[in-house]
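Some notes on the structure that comes next.
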Amino acid sequence: MRRSRFFLPTLRDNPKEAEIVSHRLMLRAGMVRQASAGIYSWLPMGFRVLKNIERIVREEQDRAGNQEVLMPTIQSADLWVQSGRYNDYGPEMLRIKDRHERDMLYGPTNEELITDIFAGAVKSYRDLPQKLYHIQWKFRDEVRPRFGVMRGREFLMKDAYSFDLDYEGARRAYQSHFVAYLRTFARMGLRAIPMEADTGPIGGDLSHEFIILAETGESEVFCDREFLDVDLLGRDIDYEDPAALAEVVDYFTKLYARTDEKHDPAAFEAAVPEARRYQGRGIEVGHIFYFGTKYSKPLGARVATPDGGETEVHMGSYGIGVSRLVGAIIEASHDEAGIVWPDEVAPFKVGLVNLKAGDADCDRACDEIYAGLQGAGVETLYDDTPERAGAKFATMDLIGLPWQLIVGPRELKNGVVELKRRATGERQELPLDAALERIAG
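The opening residue of the sequence shown carries number 91 in the numbering used here; numbering runs sequentially from there.
In structure tokens form, the structure reads like this:
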């Protein structure tokens, strides 16, 4: 995409209403604009990042054997009355009436609806297990929306739901999501640490929050530094092998990891050698949860059992805040100049900078490089504007593309281009072929 044609309304100064780094940088980098309190329009730069995150989430859900569906944003209140949650949910739920005065709601979550879909279609243990997910916009009427997309009222979520005959099957489904989440966040350049979470009145021992480390995180976290050294993508996981899944989950759950709500200083000191103790802050980006028959019982999700009887299915839910992740990644990956995007989520891989737009030689060289990158499938933002060099560099650092390829009269005269790696700030003057090889590698 040529910068001269790309809709990128950047801001020079920090907006007064933005309290945290991600909100400031998303506004300054032209990624979003507020439509109303806690509700945002996603502009081209932000939308490209959002779709990349969604793609990674979808690929890892599919890899784990989950099947994608799409449920509506507007739901009938009837199912929520039946489950007992309609009156209990609180003012965060947006309740509305349609033209026939029927009670409706803008879905804050989808347990009721997916359970009803399952109950109407599956009647036998032979059709189990099932794992279904969707990626859909949600609405929760936060009393005080703040921090941009980190705590908005409208947000994009991935919700997955598992259906099993018994607890053991549900535990296997839980473990498959546990592993899938580790892989998902690692692909985004994040180190997400699974931390024990409260299961509430349902009980049991299956609930984990996935926390990424960030200095501006809302939670204080305590964990074993061994988490930070594990290569999560260096091995293939067979999701059909329960023992392989259990091995990964057992490893991660044996290491100490707690937020301040569940932290036990004495247990921390006993479990983790002093040199490996980490204390910092973190941001929740995912939550997995086993809740048994909480919804299948009131909503009639029953199946025939092998012995001729019937039983309610055991269920779990598994959420990832897709739009929240955009802000969370920025909180974890930025510097004084702007955003530093990990490669897989970046809106473009390369920022091509023409230092002297209008110069025949520079224009010709940049046009040829741009065409070559496009032909090779490398997503490139080509700054062909007449702005001064300093402004171009500042914009490129602000929007945080992984690579900057800089072309000017001096570079052309010397037969080189300048290549900058945004994450490290490393600059090199290289022949064009060598620079392209580094970008591709």
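Think of the CB as a built atom: it goes at the ideal place given N, C-alpha and C, for glycine as much as any other residue. Since the structure is predicted, the reported quantities are computational estimates derived from the model, not experimental observations.
Between Tyr380 and Tyr264 the beta-carbon gap is near 5 Å, inside 8 Å, which marks them as a contact. Beta-bridge pairing by DSSP links Gly180 to no other residue.
Beyond the five residues adjoining it in sequence on each side, Glu402 comes within less than 7 Å, by CB distance, of Thr383, Ser386, Lys387, Ala391, Arg392 in the same chain, given in chain order.
The DSSP-derived three-state label of Met121 is coil.
If the five residues before and after His353 are omitted, its C-beta is found closer than 8 Å to the C-beta atoms of Glu310, Phe312, all from its own chain and listed in chain order. At the C-beta level, His298 and Met285 come within 8 Å of one another. The C-beta distance from Met183 to Pro198 rounds to 6 Å, short enough to meet the 8 Å contact threshold. For Val443, DSSP records a beta bridge to Asp473, Ile496. Runs of the beta strand (DSSP E) lying entirely within the segment 401 to 463, each at least 3 residues long, are 404 to 411, 440 to 444 in chain order.
Only residues of its own chain outside the window of five on either side were considered, and among them Leu218, Pro219, Ala260, Ala263, Val403, His404 have a CB closer than 7 Å to the CB of Asp254, listed in chain order.
Nearest in C-alpha terms to Tyr176, of all of Leu160, Gly155, Leu203, Val159, is Leu203. Nearest to Val412 by C-alpha distance, out of Glu244, Leu296, Asp487, is Glu244. Secondary structure note for Met247: its beta strand (DSSP E) is the uninterrupted segment 244 to 254. For Tyr368, the enclosing beta strand (DSSP E) covers residues 367 to 382. Close CB contacts of Met486 within its chain, under the 6 Å cut and outside five residues either way in sequence, are with Gly441, Gln494 (chain order).
Around the beta carbon of Trp227, fewer than 16 other beta carbons lie within 10 angstroms, which makes this residue exposed. By the CB criterion at 8 Å, Ile378 and Gly428 fall outside the cutoff. Cα atoms of Glu150 and Asp314: separation of roughly 26 Å, rounded to the nearest angstrom. For Phe300, the enclosing beta strand (DSSP E) starts and ends at 297 to 303.
If you draw a straight line from the Cα of Leu140 to the Cα of Pro105, it is about 22 Å long. Taking the Cα positions, Ile327 is about 24 Å away from Val159. Looking only at Glu508, Arg454, Arg512, Val443, the smallest Cα-Cα distance to Ala479 is reached by Val443.
Boundaries of the alpha helix (DSSP H) harbouring Leu526: 522 to 530, taken from the DSSP string. Rounded to whole angstroms, the gap between the alpha carbons of Tyr346 and Ala336 is 17 Å.
In this structure, Ile373 keeps its C-beta atom at 8 Å or more from the C-beta atom of Glu305.
Just measuring C-alpha positions, the residue of Met247, Val375, Tyr341 sitting nearest Tyr223 is Met247.
With respect to the 8 Å criterion, Glu501 and Glu508 are classified as neighbours on the basis of their beta carbons. In the displayed model, Pro219 falls within coil according to three-state DSSP, outside both helix and strand.
The beta carbons of His424 and Val416 sit no closer together than 8 Å.
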